[in-house]
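Engineer: This structure is in structure tokens; I'll ask about it shortly.
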Amino acid sequence: QVQLVESGGGLVKPGGSLRLSCAASGFTFSDYYMSWIRQAPGKGLEWVSYISSSGSPIYYADSVKGRFTISRDNAKNSLYLQMNSLTAEDTAVYFCARDEGSSSWYFWGQGTLVTVSS
Amino acid sequence: QSALTQPASVSGSPGQSITISCTATSSDVGSYNLVSWYQQRPGKAPKLIIYEGSKRPSGVSNRFSGSNSGNTASLTISGLQAEDEADYYCCSFGGTKTYVFGTGTKVTVL
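If you read the protein sequences in the order shown, they are chains W and X. If you count the first sequence from 1, position 13 lands on -4 in our numbering, and the numbers rise without skipping. For our numbering, count along the second sequence from 1 and bump the result up by 12.
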């Protein structure tokens, strides 16, 4: 069955960096666009970024453009999110999700919590 | 980026029908035929319940239905049940190859 497992979250100081990973299984990873979506504590969902099945094109939300980099390794069935210049506003649970097209994500990971605090 | 506005909360009694609206605040939000809806229970990942405006994924109850009129998309839950108590989010294209989620609606079953 389809599984998405995020890892790499944790506590980081403002201005710091963190790299999230998402391990995919149960489907042909290289066939699907993938997205990162986040949710700040007690807040709503925010789409962060998506990457095509081949690795290009890539798009970002304005709130993370220039600071976050999405990438994937189809040989390793893995999705990544490199996060730099982190601020308190980046504190959130980060979900990876399989993009079904038309703003639809059917399969989601369990999420990984990123806390930016001094 | 554009925004999608939802009511903060909607409530209903068991068996009733409720409707959650999702209104675009900008004209560059994509077609409402492509709106998706998500149900999220506390501490859980969101669950896709409607896609492409009105389609239900396999396994989703037919008590959930989606529609649109003008610049507003809507989710209707019929025959409200206690298990429907959750947060609900709409989502659509936000213009320039981006996505935008709605502000979210907390559904309470009285």
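We put the CB at the ideal spot given by N, CA and C, even for glycine. Quick caveat: nothing in here was measured; it's all calculated off a predicted structure.
What is the DSSP secondary structure of E95/X, reduced to helix, strand or coil?
Structural biologist: As a position in the second sequence, residue 95/X is number 83, starting the count at 1. Note: E95/X maps to helix in three-state DSSP.
Engineer: Nearest chain X C-beta to L96/W closer than 8 Å, yes or no?
Structural biologist: For the purposes of this step, residue 96/W is taken as residue 113 along the first sequence, with counting starting at 1. No, because no Cβ of chain X sits closer than 8 Å to the Cβ of L96/W.
Engineer: Kindly indicate which three-state DSSP category S13/W falls into: helix, strand or coil?
Structural biologist: Within the first sequence, numbered from 1, the residue matching residue 13/W stands at position 30. Of the three classes helix, strand and coil, the one that applies to S13/W here is helix, per DSSP.
Engineer: Mind checking P(-3)/W: buried by the 16 CB within 10 Å criterion, or exposed?
Structural biologist: The sequence position of residue -3/W within the first sequence is 14, counting from 1. Per the 10 Å Cβ criterion, exposed.
Engineer: Do A23/W and T74/W count as a contact pair if the criterion is CB distance below 8 Å?
Structural biologist: Looking up residue 74/W in the first sequence gives position 91. Looking up residue 23/W in the first sequence gives position 40. Yes.
Engineer: Taking the beta carbon of P58/X as the centre, do at least 16 other beta carbons fall within 10 Å, making it buried, or is it exposed?
Structural biologist: Taking the first residue of the second sequence as position 1, residue 58/X is located at position 46. P58/X comes out buried.
Engineer: Below 7 Å CB to CB, which residues in the same chain sit around N57/W once its five sequence neighbours on both sides are set aside?
Structural biologist: Reading the first sequence from its first residue, position 74 is the one you call residue 57/W. Closer than 7 Å at the Cβ level, and outside the excluded window around N57/W, lie F12, S13.
Engineer: If you draw a straight line from the alpha carbon of S70/X to that of D82/W, how long is it in whole angstroms?
Structural biologist: In the second sequence, residue 70/X corresponds to position 58, counting from 1. In the first sequence, residue 82/W corresponds to position 99, counting from 1. Going by the C-alpha atoms only, they are around 16 Å apart.
Engineer: Looking only at DSSP bridge pairs, what is A85/X linked to?
Structural biologist: Position 73 of the second sequence, counted from the first residue, corresponds to residue 85/X. Answer by DSSP bridge pairing, in chain order: C34/X, N80/X.
Engineer: State the CB to CB distance for the pair Y42/W and T110/X, rounded to an integer number of angstroms; the pair is presumed to be in contact (CB under 8 Å).
Structural biologist: The count along the first sequence starts at 1 and reaches residue 42/W at position 59. The count along the second sequence starts at 1 and reaches residue 110/X at position 98. About 6 Å separates the two Cβ atoms, so the contact holds.
Engineer: According to DSSP, is A71/W helix, strand or coil?
Structural biologist: Against the first sequence, residue 71/W aligns to sequence position 88. DSSP places A71/W in helix when its eight states are reduced to three.
Engineer: Chain W partners of P69/X, CB-CB under 7 Å?
Structural biologist: On the second sequence, residue 69/X is found 57 positions in, with the first residue counted as 1. Here the neighbours are Y89.
Engineer: At a Cβ threshold of 8 Å, is F76/X touching chain W?
Structural biologist: On the second sequence, position 64 is the one that residue 76/X refers to. No, its Cβ sits nowhere closer than 8 Å to a Cβ of chain W.
Engineer: In terms of residue numbering, what span does the beta strand (DSSP E) encompassing K118/X cover?
Structural biologist: Here residue 118/X refers to the residue found at position 106 when the second sequence is read from its first residue. 117 to 121 is the extent of the beta strand (DSSP E) around K118/X.
Engineer: Let me make sure I understand the geometry here. Which of P26/X, S29/X, T35/X, Q28/X has the alpha-carbon closest to that of A20/X?
Structural biologist: Within the second sequence, the letter at position 8 stands for residue 20/X. Ranking the options by Cα distance to A20/X, first place goes to T35/X.
Engineer: Taking T37/X as the query, report the chain W residues whose CB atoms sit under 8 Å from its CB, ordered along the chain.
Structural biologist: The residue given as residue 37/X occupies position 25 in the second sequence. Correct list: empty, because the minimum Cβ distance to chain W is about 15 Å.
Engineer: Just to confirm, are L122/X and G24/X a CB contact at a threshold of 8 Å?
Structural biologist: Walking along the second sequence from the start, residue 122/X turns up at place 110. Walking along the second sequence from the start, residue 24/X turns up at place 12. Yes, Cβ-Cβ distance for L122/X and G24/X is below 8 Å.
Engineer: I need the straight-line Cα distance from L46/X to Y63/X, nearest angstrom please.
Structural biologist: To locate residue 46/X, count along the second sequence from 1; it is residue 34. To locate residue 63/X, count along the second sequence from 1; it is residue 51. Roughly 7 Å between the two C-alpha positions.
Engineer: Residues of chain W with a CB under 7 Å from the CB of C103/X: which are they?
Structural biologist: Your numbering for residue 103/X matches position 91 in the second sequence. By Cβ distance, chain W contributes S86.
Engineer: Whose CA, out of Q93/X, A15/X, I32/X, lies closest to the CA of S81/X?
Structural biologist: Here residue 81/X refers to the residue found at position 69 of the second sequence. When each option's Cα is compared against that of S81/X, the closest is I32/X.
Engineer: Can the beta-carbon of Y16/W be found closer than 8 Å to that of S35/W?
Structural biologist: Within the first sequence, numbered from 1, the residue matching residue 16/W stands at position 33. Within the first sequence, numbered from 1, the residue matching residue 35/W stands at position 52. Contact flag set, yes.
Engineer: Who are the near neighbours of V72/X in its chain, counting only those whose CB is closer than 7 Å to its CB and skipping five residues on each side?
Structural biologist: Walking along the second sequence from the start, residue 72/X turns up at place 60. Here the set comprises I61.
Engineer: Please name the residue, chosen from G27/X, N74/X, P54/X, T108/X, that lies closest to Y100/X on a Cα-to-Cα basis.
Structural biologist: Residue numbering aside, residue 100/X sits at position 88 when the second sequence is read from its first letter. Selected option, being the one with the closest Cα: P54/X.
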